[in-house]
Amino acid sequence: MTASVEEIRAEVKKLLDEGAVKYVIGYRNGSAGPFAAPAFFTGAGEADELVWDPTCFHNLARFLADERREDVCAPEAEEDGKKPVGVVVKGCDSRAVAVLLQEKFVDRDAVYLIGVSCEDGGVIDEGKLARKLGTAKVEKIEFGVDGGFVVTTDEGPIKIESADILDDRCVECRAAYPVVHDVVIGEQVDRKPEEPYGSLDEIESLAPEERWEFWERELGKCIRCYACRSICPMCYCDECVADTIAFAVTADTTADEKAQKIKWVERSPDNSENFFYHLVRAMHLAGRCIDCNECERACPVDIPLRLLNKKLEKEAKELFDYDVGFDPDVPSLISSFRDEDPEDFIR
Amino acid sequence: MSDNTYIPKLAEIIDINEEVGGARAVKTFKTVFLNGDRFSFLPGQCAMLSVFGKGESMISISSSPLVEDYLQFSIMKMGRVTSALHEMETGAVIGVRGPYGNNFPMDEWKGKNLIFISGGIGIAPVWCVFQTALGNRGDYGDITFVYGARTSADLVYREEMEKLAKELPVHLSIDVEEPGWAEFVGFVPQNVTDKKPSPKDAIAVTCGPPIMIKFVIEALKELGFEDEQIYTTVENKMKCGIGKCGRCNIGGHYVCNDGPVYSWAELKKLPQEY
Amino acid sequence: MEKTLKKDAFAEWLKKLPSYDVYVPVEDDGRFNYEIVGNAGAIDESFTNAVVGPKKVVFPQREVLLRFNSTNEKAPEVEEVLPEEKPAVVFGVRPCDARAVTLTDKVFGGDFADPYYWRRRNNTTLIGLVCTEPPSANCFCTSVGGSPAGKDGLDVVLTSLGDRYYVETLTTRGEKVVSDGGKVFGEPAADDKKAAEKVGTEAAAKVERQVEGVNDLTENLRDMFDSPFWDEESLSCIRCGICTYLCPTCHCFDINDEVLVPVPLTGERVRTWDNCQFPDFTMHSSGHNPRPNRASRLRQRILHKFRYFVENFGDYQCTGCGRCIIYCPVGIDIVDVLDKTAAYER
Amino acid sequence: MKKTGVFVCHCGINIAGTVDVKKLTEELAKYPGVEFSEDYVYMCSDPGQNMIIDAIKENDLDNVVVACCSPTLHESTFRNACEAAGLNPFLCEIANVREQCSWVHRDMDEATEKAIKITRSITEKVQLNEALEPISVPVTQRALVVGGGVAGIQAALDLANSGYETILVERSPSIGGHMSQLSETFPTLDCSQCILTPKMVEVSKHPNVKLMTYSEVQEVTGFVGNFRVKILKKPTYVDPGACTLCDECTKVCPVVLPNEFDMGLTGRRAIYIPFPQAVPATFTLDDKGCPGLLPIACGKCADVCEPGAIDYDMKPEIIEEEVGAIVVATGYDLYDKEKMAEYGYGKYPDVLDGLQFERLLSASGPTGGKVLRPSDHEEPKEVVFIQCAGSRDPELHCAYCSKICCMYTAKHAMLYKHHVHDGQAYIFYIDIRSGGKDYEEFVQRTVEEDNVLYLRGKVSKIFEEGGKLKVWGVDTLTGKDIEIDADMVVLAMAMRPSAGAAEFAKKLKIGLDKDGFLAEAHPKLRPVESVTSGVFLAGAAQAPKDIPEAVAQASGAAAKAINILSRDQLFHAPMVARVNENLCTGCEMCVMVCPYDAIKLEEDVATVNEVLCEGCGTCMATCLRAAIEVKNLRTQHVYDMIGACLVEI
Amino acid sequence: MNDRFEPKIVAFLCKWCSSAGSDLAGVSRMQYPANVVPITVMCSGGVSPLYIFSAFKRGADGVLVSGCHPGDCHYIKGNLYARRRLALVKELLEHVGLEPERFQMSWVSAAEGAKYTELIKDFVDTLRPLGPQAKLRRRV
């Protein structure tokens, strides 16, 4: 089971009614199939369009970057500008907010976090669903009353066990209950995955050459659409190594500065460029990725990006006992060290 | 050589003149083609210059087609390619492809008075048409030049301008007072208003920073110019120069093909996307 | 010229095309892509539509335009690099994707015909496969002038009739490929043509998604440039490049110099796909950006496809393949957006 | 393009013997941006430097690369030459083709190829270099000396005598340190108090010295030339101006505490003067022992104090001072008692440490200079001295040698013999380290004149039996087991950095060595400097040392401090971090990693205090958005250098 | 010249310890292979992962980062940040299948000329049998 959509709607309605928030970022039904889509609610009347189902994949913390850049819903009145933005956050999403708070990218009072506990639920994996159902046309996906999912196809509703179609990120989730929040809808749960890094077992068991072949094949597919970075709540940098143009240009930026912007990566989607981009991105997310797996979901060519990020999450935990996105007040992974950090790899 | 328009012709820089120094440096380059390549163009057209290893940049041709010895480009140091150009010395070889874009309809202007109004590096596209008009002096009526920059040190072609001032009305301006400056102080549009060129049988060609163009046009309208009498050029980021790469469009217009020259009558119909 | 081809003879046909790069849709974990194969057994008919259409064959994501080097101290040497004159044949082309190629033809033709594109295009034979079912629930080809059995851009059309294909050859390029096949083809039965037409008609009826007020689309979009509509619709846009990279009609590109060796300078001038949804697409080196936000970029995408392209080339620049809908990670749905323009109060 | 001049030094045959300098010069001449490339036999010679100067002028060079020896040797030489030619010195860089190339390779082809890569890579770097100006910082011409032992006193006197106002901070009520506890000093056996007291008085009376006893440095901010220090002045509850030293108060004080000065061999009252010669001469009320400072509970001292010098309401004070340089002389402590339980230390009253024994020997000590056993006040006839108690024992205790114990144990044994003529002194030792002027002779005297028995070996066990301390050991020279029935055992305990030194080092941002002593900037060449510029080390805080060494280092530290204070301005290397405000999102990660607290957030954007920044670049590697870079070693510099290293020749 | 494969190695040496240590190797006339081109940085803490990836991309067969021993850092703790950061880089490179031997980190003090010499010898010996690093290298 999971939180009730009515309660979420009621909360959103209340916030908008009271004018406590600028707007609320939540989910609506997508127009193109059974999946939910991000939605921006500005009036209490719209709250009934909000949905909560196992297709609420999106990590809505992503949109806080647009908010900070003032690239969204330009505040109409000064007064409005000071109000927080309401965001519906799952456990994983709340960890993203925790990292954004840790990095002071977002002020705590600039957001009103409407936490939703996933309880024993989570989001589904589209691929697993497709494999499970074949060509049947899916119309609706809901949480089952006592766990699992109910998927309605053109042939009627069927019950599917959670294990069959639950996304890997949820299988290995350590924060089904939001870690930071202003309100939480749903029960407090303390879900402990049996194997928090189980999805890495297979690749880690491969020989180095096999791993290389795996990644060469997978990253070779990359078309560099940058959806992985665009959808990532942590990829909020104005300027990225992948961009060859200097974005942060002001009247003071000299021609030399623009001319010297390093071309770390060419736009050519070939092997070394793709590797460089993905390696840098993985490093950049080390200690920051909270495993919302949005990059992998967004990827149109199905690169298992999660296996890169998850690896570093695991190493951060095992080498440095560092947990990402649980406490906004601790120093970040790479801006701290412990005296006992391992150095057996150093000669 | 192939007729593949993407392949630049090699050209040697034979002369470099440092017009403006400092952070917004401007240099004027004269180039001649190697390998017997030829290039015919019309006033207002542009060429894509290559610095190999750095890339390409679309630059207006400043010399007149009447000059056959060289092509001239006045370039402000701006980004990767223009900075590399500014680092070059005479004898260096660059790539040139083009010409691209449309041109000023100078044939239609025959018999008319021409007023050239430009600011800063905006003189580059105007200089070509201006020189061409001078070269065909008999075809046109009065020729007036209004030109301004932020400071006297930012004036491009200052020497040439001062020589020309002996032959025709040249109205220079700088934005703020400077010791020793005897001419107009203020913005270019104010200078236009001050000099009151007559709209009668006249064509105004203006180029400069967008904000200047906006106010020059207002000033000209005040003076009674019709939209059809005012011409300007537009710049947008370009990569191919031939209407394919998809980025320089203003609405359905591709500046590289359909521009850069527009009469104000044409341009005001287009969406504000430049 | 009409023929039939037994499905189990497909592999035979491929064997007869040794001089071609043969592209066939290949499945990888539920997603299809056109890949060069030595010998495919058959076209996997369960294939929905490839992630990236045959656009990549005629307009690859990366193409070297020229090579330069300055080993010689004075002038750099510049070498034109045109694609190899190697014929390619693409099997299993969906009508929407084939029609899309006719649209990129328009862009790369004209006054400055693009030699790279045409070198590939003229060497590419597109073998279509009529959709028996709409490949996805988000197909809307019939709204934008296409059909599951459309023939535009195809050289040969295959229509599945049980255990065999009905084969229509439309062009001389197609004839070559079919005649290379020689005896693998049979002659059609009398009612095969009818049966094949029926397949297309039935499939067309199953295309569920329709753009409302499609006839007024261009007109509706005419006065919407400055509308707040784009702000509202683009709120969840994350400015990634999926919609346009995967679009079979999108053709925008970037040109960059890639330095392979800094000293002595050696490198390539490379054209790569580019994308109007990327913020740097239109950014001047001064930092000024004529399309500075998501709204202006979404507007560009829609207006380009449904207004500017119509003005310049007389056609929508969209063939209704549905990829941008399927793959958009935030559920931006071009049909929905277009529908809303019809209803939008201007 | 900027015009680079490349100057290749042969260094006689040091470089030219392995690197084909002609080829190196020619290859560089072809490199993009290189306008001038020449070689010469000794670039650092006058003609060599003139060659550079002339070439800069004649070719209008924008920057210079000298391919020569390590930059640690001649970087400043060549930078000065460039400056002489009117070029900013930071536009000159050194390509190290000697230590990192010609000297470590034999094959000329390989070495030449590598030299070309190194020089090209430095050429790439220099082409991106900016002209920089050293950062000038005004200097507060005052000093702080922390620690009032002999080292601190000496440093303070040297500073004060040079005309600089000096604050001397001592945490105990009197200055003097451990030296004031000693009886006589080796090898001259002059009376420790007699030689120290005049210095103590001098420093306390010096017009340039501000003495702050019973005070602790709480916080140090700022940087060389401009430190801000917060000093906590603990309340003594006695007004030193009013106190007449009549001593009535101690007579009525009911609280007895161990006397630190006598190393706990005696007691003292809660209100006390540490020792008769204490400076400042005033009483202190130890609030840890006084019954809660509640006049209701006690108040006897105030009752008897005629001048009314006692003020129970005295509060701790925080005093802020600004100084330009800091000398740290926080001294040492002896190794913890608990850790020496194997020798019965702390368990048997007659097992003493060296300082306790000093007190027994001292005329002002608890026994008035008689050697008596603490347990029964009998004269010990058999005394065992054990050296290296805790030292040189990497398994169980301290790995290092405490250095002074050999000498003071010899002195102890000798003085014991002078007091107890019929007594026997045994010394267990590992080996005798008596390096120092007249030290070896002193040890020999102990053996030969005073018949002290040196036993080479370790003591395995000490236990009490029949009123004697049984000492079991082995004489490793003879291989025999030894058993001594001793009346007293004196342990030459290891020296440790004084308590709180580690914490204090943190406040100063100076490092500690592996043993916890304060780390010097360089073990050979910068032995009195810490890694933080403007902070200098003196005395046993840096490493175990004896009095003359401590005093010498104190004078050295003072001289180094004067070096700074004597200038109106300091110059700081300008290769410091710079923030691109457009990119900074204010995540504070750079702030967290900066070892010098040089980065602060101002209006949500990182701001670098250029004076504090040492240019390490950790911020640069940490910043997630490349918003902070070190001048003249920006990412771009390194990027281009990497490229040059990897191009095939 | 023989045909033996000569790996190209980029070494990032901190100025205060490792670069000084390599200077000492020079002063002591120790001999090691010429495959390493050193780049002196101020502190190992300033070595960005980008440098390492970029070196591999541009054709390095091996990359070495060397700093002061823990506790000896001229900048107090820069090397400890490097230790953590580069441990992750190493894990990541191995995870994608780069031969683990190709990236090395070491502590070399100013006094350890001999250690530096051994390190380089061993590194070159380890890389030789691996052949050129083609995985992350850009296509030429």
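One line per chain: the protein sequences are A, B, C, D and E, in this order.
If you read the first sequence in this note's numbering, its first letter stands for residue 43, the second for the next number, and so on.
If you read the second sequence in this note's numbering, its first letter stands for residue 148, the second for the next number, and so on.
If you read the third sequence in this note's numbering, its first letter stands for residue 1132, the second for the next number, and so on.
If you read the fourth sequence in this note's numbering, its first letter stands for residue 248, the second for the next number, and so on.
If you read the fifth sequence in this note's numbering, its first letter stands for residue 4, the second for the next number, and so on.
Just so you know, even glycine gets a beta-carbon here, dropped at the ideal spot from N, CA and C.
Small disclaimer: the values here were computed from a predicted structure and weren't measured.
When you compare only the Cα positions, how much space is there between residue i and residue j?
i	j	result
Gly248 (chain B)	Arg1454 (chain C)	35 angstroms
Glu315 (chain A)	Arg309 (chain A)	8 angstroms
Ser609 (chain D)	Glu380 (chain D)	59 angstroms
Asp1385 (chain C)	Gly85 (chain A)	42 angstroms
Lys1077 (chain C)	Cys1459 (chain C)	Summary: the structure shown does not reach residue 1077 (chain C), with chain C confined to residues 1132 through 1477, and so no result is reported for it.
Cys71 (chain E)	Ile42 (chain E)	15 angstroms
Lys118 (chain E)	Lys124 (chain E)	10 angstroms
Pro235 (chain A)	Leu1366 (chain C)	35 angstroms
Thr444 (chain D)	Asp369 (chain A)	57 angstroms
Phe689 (chain D)	Gly704 (chain D)	21 angstroms
Asp886 (chain D)	Thr120 (chain E)	Residue identity differs from the one stated: residue 886 (chain D) is Tyr in this sequence, not Asp. Computed Cα separation, rounded: 26 angstroms.
Which of helix, strand or coil does DSSP assign to residue i?
i	result
Trp254 (chain A)	helix
Cys395 (chain B)	coil
Arg1162 (chain C)	strand
Asn297 (chain D)	helix
Asp309 (chain D)	coil
Tyr278 (chain D)	coil
Thr656 (chain D)	helix
Pro41 (chain E)	strand
Cys17 (chain E)	strand
Tyr582 (chain D)	coil
In the DSSP output, which residue or residues are listed as bridge partners for residue i?
i	result
Lys1205 (chain C)	The partner list for Lys1205 (chain C) (beta bridge, DSSP) is empty, contrary to what the question assumes.
Asp728 (chain D)	D:Val721
Which residues in chain C sit within 7 angstroms of residue i, going by Cβ to Cβ distance?
i	result
His417 (chain A)	Residue 417 (chain A) is absent from the model: chain A starts at 43 and stops at 389.
Glu308 (chain A)	Asn1387, Glu1389
For a cutoff of 8 angstroms on Cβ pairs, would you count residue i as touching chain G?
i	result
Met1414 (chain C)	Absence of chain G from the displayed structure is noted, the protein chains being A, B, C, D and E.
Could you work out which residues of chain A lie near residue i, taking near to mean beta carbons separated by less than 9 angstroms?
i	result
Met225 (chain B)	Ala297, Lys300, Ala301
List the residues of chain C whose Cβ lies closer than 8 angstroms to the Cβ of residue i, in chain order.
i	result
Gly194 (chain D)	Shown here, chain D extends from 248 to 896; a query on residue 194 (chain D) therefore has no answer.
Phe77 (chain A)	Gly1462
Using the beta-carbon of each residue, which ones in chain D are nearer than 7 angstroms to residue i?
i	result
His320 (chain A)	Here the premise fails: no neighbours, minimum Cβ distance about 17 angstroms.
Whose Cβ in chain A lies nearer than 8 angstroms to the Cβ of residue i?
i	result
Pro854 (chain D)	Correcting the residue type first, residue 854 (chain D) is Thr in the shown sequence and not Pro. Within 8 angstroms Cβ-Cβ: nothing; Thr854 (chain D) doesn't reach chain A, min ~15 angstroms.
So which residues of chain A does residue i contact, with C-beta pairs closer than 7 angstroms?
i	result
Ser1291 (chain C)	By Cβ distance, chain A contributes nothing, its closest Cβ being about 16 angstroms from Ser1291 (chain C), past 7 angstroms.
(request) Let me know the beta strand (DSSP E) ranges lying completely inside the region 154 to 222 of chain A, each 3 residues or longer, listed in chain order. (result) Segments of the beta strand (DSSP E) lying fully in the region 154 to 222 of chain A: 180 to 185, 191 to 195, 198 to 202.
(message) Give the list of continuous beta strand (DSSP E) stretches no shorter than 3 residues that lie fully inside the region 822 to 892 of chain D.
(response) For the region 822 to 892 of chain D, the continuous beta strand (DSSP E) assignments of 3+ residues that do not extend past its boundaries occur at 824 to 826, 846 to 849, 852 to 855, 875 to 877, in sequence order.
(request) Return the chain-ordered ranges of every alpha helix (DSSP H) run that is complete within the region 345 to 427 of chain D and spans a minimum of 4 residues. (result) Qualifying alpha helix (DSSP H) stretches, in chain order: 355 to 375, 397 to 408.
(request) May I have a chain-ordered list of the alpha helix (DSSP H) segments no shorter than 4 residues that lie completely inside the region 326 to 378 of chain A? (result) The region 326 to 378 of chain A contains these whole alpha helix (DSSP H) runs: 336 to 340, 348 to 362.
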